[in-house]
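What follows is a single structure, written as structure tokens, with notes after it.
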Amino acid sequence: MFFGTYTPKIDDKNRLFLPAKFREQLSEGLVVTRGQERCLTIWSLEDFTKLTERLAQAPVTNKATRDYVRMLFAAASQEVPDKQGRISIPPMLKDYASLQKDVVVIGSMNRIEIWDPQAWASYSEEQEQVFSELSDEVFPGI
1 MFFGTYTPKI
11 DDKNRLFLPA
21 KFREQLSEGL
31 VVTRGQERCL
41 TIWSLEDFTK
51 LTERLAQAPV
61 TNKATRDYVR
71 MLFAAASQEV
81 PDKQGRISIP
91 PMLKDYASLQ
101 KDVVVIGSMN
111 RIEIWDPQAW
121 ASYSEEQEQV
131 FSELSDEVFP
141 GI
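Numbering of the sequence shown is given in UniProt numbering, commencing with residue 1 and proceeding in unit increments.
Here you go:
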């Protein structure tokens with residue numbers, strides 16, 4: 001499980017230092033790809049395989065399925081962290097999420113998201129009120 005907010009940097013060679021708390025879970029490899037809201041998503045290989053298996057069951061005759069699969073897989077990059085816990089961020093993905101040197105890395109249950117700091121601040125601010133009102137929709141009857 002991934003949780004917390006971290007502010008590592010991307011170096012001049014487009015490498016990101018993964019937060020130390022995430023490294024062990026990702027030591028065997030990971031997949032970084034597009035996420036929604038113009039962030040990047042990092043999946044462990046195990047969870048990306050599970051996602052792939054679920055998507056393989058979706059009907060290819062459904063246009064939304066085809067569109068989602070294309071966007072997700074066309075940008076996907078399999079990485080293995082180096083001994084310092086760094087991974088490469090492909091230029092296409094860096095551009096997609098408007099990432100520069102400073103980034104925000106958040107744990108989001110079974111995945112990690114990488115955000116441009118301004119985009120994360122704006123998104124967080126917009127969602128703050130919505131979050132406080134969602135508990136009944138997310139956890140009905142609690």
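Even for Gly, the Cβ is constructed at its ideal location relative to N, Cα and C.
Per DSSP, cross-strand counterpart(s) of residue i
i, result
"R66", "In the DSSP output, where bridge partners are listed per residue, R66 has none listed."
"Q78", "V31"
With 16 other Cβ atoms within 10 Å as the buried cut-off, status of residue i
i, result
"A97", "buried"
"S132", "exposed"
"L99", "buried"
"K50", "exposed"
"V105", "buried"
"T5", "exposed"
First through last residue of the beta strand (DSSP E) which encompasses residue i
i, result
"R54", "Premise fails: R54 lies in the alpha helix (DSSP H), 45 to 57, not in any beta strand (DSSP E)."
"L16", "15 to 17"
Pick from the options that is closest to residue i, judged by C-alpha positions
i, options, result
"S88", "R111, F17, F3", "F17"
"R15", "Q84, A74, P59", "Q84"
"L93", "C39, A56, G4, F3", "C39"
"R86", "F3, E53, I10, F2", "I10"
Extent of the continuous alpha helix (DSSP H) to which residue i belongs
i, result
"S132", "117 to 133"
"R23", "20 to 26"
Are three or more beta carbon pairs between the segment 17 to 32 and the segment 58 to 78 nearer than 8 Å?
Verdict: yes, contact present.
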